[in-house]
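Numbered according to numbering that gives the first Met the number 0, the sequence shown terminates at residue 65, and the numbering increases by one at each position without gaps.
Even glycine gets a Cβ: it sits at the ideal position worked out from N, Cα and C.
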Amino acid sequence: MIKSIVFGLLVILIGCYQGFNASGGGRGVGIGTTRAVVLGSVIVLISDYFLSKILLQLMPPGGGSG
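This is the structure we're talking about:
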């Protein structure tokens, strides 16, 4: 749940930033959309790596009593 919330916020922020800074009519919107998709994909992959590292240190798997 934590990772999905972080990924959603990242995608929202990247999409809004690219959308607000789009210029040049329809062509600019297309370029902004492409940039948002590429940047969003890369940022999600990178943040997935770091979030996995952090969350595995904070909540190791199989850490229950048993």
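- The continuous alpha helix (DSSP H) containing A35 extends over residues 24-57.
- For G14, the uninterrupted alpha helix (DSSP H) segment begins and ends at 1-19.
- Taking C-alpha positions only, I13 is separated from L55 by approximately 26 Å.
- Distances from the alpha-carbon of V10 to those of S51, G61, M58, D47 put D47 closest.
- In this structure, V37 is the residue among M0, V37, F6 with its C-alpha nearest to the C-alpha of Q17.
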